[in-house]
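Colleague: Before I ask anything, let me first share the structure, which is written out below as structure tokens.
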Amino acid sequence: MKISLPAIAVSLLSISSFTQGARVKRQNDILAMYNNLDISKLDGSWNLHGVTDNVWDLYESFSKTLGVEAGCIKLDTLKSNDTSFDAMASAMLQHPTDTKQALAMGAGAFYLQDPTAEVALDQNEQKWTAFVSQVYVNRNEWSDFTGQPTEPQEGSVPIPGSLPFTTTLYSKLIDSGAEVGSNQLNNIDAVFLWTDSINTIKQKRTNKKIYGFLFSRQPTLDENAYNNTINQLPPAIAENKISMVLIEDKCPVEDNGQQA
Numbered sequence: 001m002k003i004s005l006p007a008i009a010v011s012l013l014s015i016s017s018f019t020q021g022a023r024v025k026r027q028n029d030i031l032a033m034y035n036n037l038d039i040s041k042l043d044g045s046w047n048l049h050g051v052t053d054n055v056w057d058l059y060e061s062f063s064k065t066l067g068v069e070a071g072c073i074k075l076d077t078l079k080s081n082d083t084s085f086d087a088m089a090s091a092m093l094q095h096p097t098d099t100k101q102a103l104a105m106g107a108g109a110f111y112l113q114d115p116t117a118e119v120a121l122d123q124n125e126q127k128w129t130a131f132v133s134q135v136y137v138n139r140n141e142w143s144d145f146t147g148q149p150t151e152p153q154e155g156s157v158p159i160p161g162s163l164p165f166t167t168t169l170y171s172k173l174i175d176s177g178a179e180v181g182s183n184q185l186n187n188i189d190a191v192f193l194w195t196d197s198i199n200t201i202k203q204k205r206t207n208k209k210i211y212g213f214l215f216s217r218q219p220t221l222d223e224n225a226y227n228n229t230i231n232q233l234p235p236a237i238a239e240n241k242i243s244m245v246l247i248e249d250k251c252p253v254e255d256n257g258q259q260a
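To convert, note that position 203 of the sequence shown is 203 in my numbering; the numbers rise steadily by one, no gaps.
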């Protein structure tokens with residue numbers, strides 16, 4: 001699948017430009033609070049392998065209502081400076097009743113924030129402000145996917161109804177090979193992201209629940225690897241009796257075919 005990305009690139013540049021003025025604390029001060037975290041260690045591709053049960057319930061509800069499924073969800077991240085990184089998210093949309101597909105993509109900018117009381121620094125947790133763009137699809141691919149043929153045109157368009165949003169996001173860096181409870185990070189091969197609030201830029205709204213996403217560098221995780229990883233999730237997940245759902249995607253390992 002091919003997709004043209006200039007609109008997403010513009011969104012990402014706009015997000016980054018908008019947020020530069022909000023950086024009032026020197027980067028070195030913030031990094032010192034996180035034991036000089038090296039954000040470049042997060043660079044690369046991350047595959048979605050698990051979500052909290054409430055995320056899964058929302059997904060199933062929207063999927064049934066819209067008649068669309070999403071698979072092969074991944075993040076490609078790149079350090080932008082010592083306290084921030086940019087990300088490109090992608091997912092393959094498909095109808096459960098036919099073979100039509102559409103590649104959906106969105107951009108994000110993530111800025112490290114001062115750790116507050118809920119951030120367990122000794123357990124490799126971080127706090128971010130995230131600015132996320134609309135979700136874009138190739139114009140011609142979307143026309144075919146929705147069964148609304150139009151004259152062929154170059155470029156991408158936002159999916160109707162998708163809006164840019166901002167959220168406070170928390171992360172826990174995980175070394176799946178480390179002993180549970182040791183909080184060692186010899187190899188960061190998984191990241192758990194969670195949030196309890198999502199505000200759209202145009203329409204302010206807040207959800208006061210924890211929505212969590214487990215990403216791994218591995219394209220697939222067997223049950224044992226998955227269990228070893230979730231055993232290192234933040235204690236609040238178990239304390240609040242939050243269940244995790246394993247995402248069993250069968251995704252190709254090769255490149256998605258993105259082009260600028």
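From the three backbone atoms N, C-alpha and C, an ideal C-beta is built for every residue, glycine too.
Answer with buried or exposed for residue 141, where buried requires no fewer than 16 other C-beta atoms within 10 angstroms of its C-beta.
Modeller: Mapped onto the sequence shown, residue 141 falls at position 141. Counting C-beta atoms within 10 angstroms of its own C-beta, residue 141 has 16 or more neighbours from the protein chains shown and is therefore classed as buried.
Colleague: So the candidates are 246, 75, 112; which of them puts its Cα closest to the Cα of residue 29?
Modeller: As a working note, residue 29 is residue 29 in the sequence shown. Nearest option by C-alpha distance: 112.
Colleague: Please return the same chain residues whose Cβ sits closer than 7 Å to the Cβ of residue 24, not counting the five positions on each side in sequence.
Modeller: As a first step, residue 24 is located in the sequence shown; it is residue number 24 there, counting from the start. For residue 24, the pLDDT reaches just 44, beneath the cut-off of 50, and the residue's location in the model is therefore unreliable, leaving the point undetermined.
Colleague: In this structure, does DSSP put residue 235 in helix, strand or coil?
Modeller: Counting from one through the sequence shown, the residue named residue 235 turns up at place 235. Helix at residue 235.
Colleague: Taking the CB atoms as reference points, tell me whether residue 71 and residue 95 lie closer together than 8 Å.
Modeller: In the sequence shown, residue 71 corresponds to position 71, counting from 1. In the sequence shown, residue 95 corresponds to position 95, counting from 1. With respect to the 8 Å criterion, residue 71 and residue 95 are not classified as neighbours on the basis of their beta carbons.
Colleague: Specify the secondary structure class of residue 340 as computed by DSSP and reduced to three states.
Modeller: Because residue 340 is not part of the residues shown, which for the chain are 1 to 260, the question remains open.
Colleague: With a 10 Å radius around its C-beta and 16 neighbouring C-beta atoms as the bar for buried, classify residue 63 as buried or exposed.
Modeller: Start at 1 with the first residue of the sequence shown, and residue 63 comes out as number 63. Flag for residue 63 reads exposed.
Colleague: Ends of the beta strand (DSSP E) at residue 86?
Modeller: In the sequence shown, the residue the question calls residue 86 occupies position 86. 84 to 94 is the extent of the beta strand (DSSP E) around residue 86.
Colleague: Assuming residue 91 contacts residue 73 under a Cβ cut-off of 8 Å, what Cβ separation, rounded to an integer in Å, is found between them?
Modeller: To locate residue 91, count along the sequence shown from 1; it is residue 91. To locate residue 73, count along the sequence shown from 1; it is residue 73. Contact flag correct, Cβ pair sits at about 5 Å.
Colleague: With a CB to CB cut of under 8 Å and the five nearest residues on each side skipped, what residues in its chain are close to residue 46?
Modeller: In the sequence shown, residue 46 corresponds to position 46, counting from 1. If we look at residue 46 and ignore the five residues flanking it on each side, its Cβ neighbours are 74, 75, 76, 77, 191, 215, 216, 217.
Colleague: Hey, out of 154, 147, 114, 161, whose CA is closest to residue 135's CA?
Modeller: Taking the first residue of the sequence shown as 1, we reach residue 135 at position 135. Of the listed residues, the one whose Cα sits closest to residue 135 is 161.
Colleague: If you follow the alpha helix (DSSP H) that residue 144 is in, where does it begin and where does it stop?
Modeller: Counted from its first residue, the sequence shown places residue 144 at position 144. Run containing residue 144: 139 to 146, per the alpha helix (DSSP H) assignment.
Colleague: Only counting runs of 3 or more residues, tell me where the beta strand (DSSP E) segments fall wholly within the stretch 148 to 223, in order along the chain.
Modeller: 156 to 158, 165 to 174, 190 to 195, 211 to 216
Colleague: Apart from the five residues just before and just after residue 314, which ones in its own chain have a Cβ nearer than 7 Å to its Cβ?
Modeller: No information on residue 314 is available, as it lies outside the stretch 1 to 260 that the chain covers here.
Colleague: Can you tell me whether residue 126 is buried or exposed, with buried defined as 16 or more other CB within 10 angstroms of its CB?
Modeller: The sequence position of residue 126 within the sequence shown is 126, counting from 1. Answer is buried; the Cβ neighbour count reaches 16.
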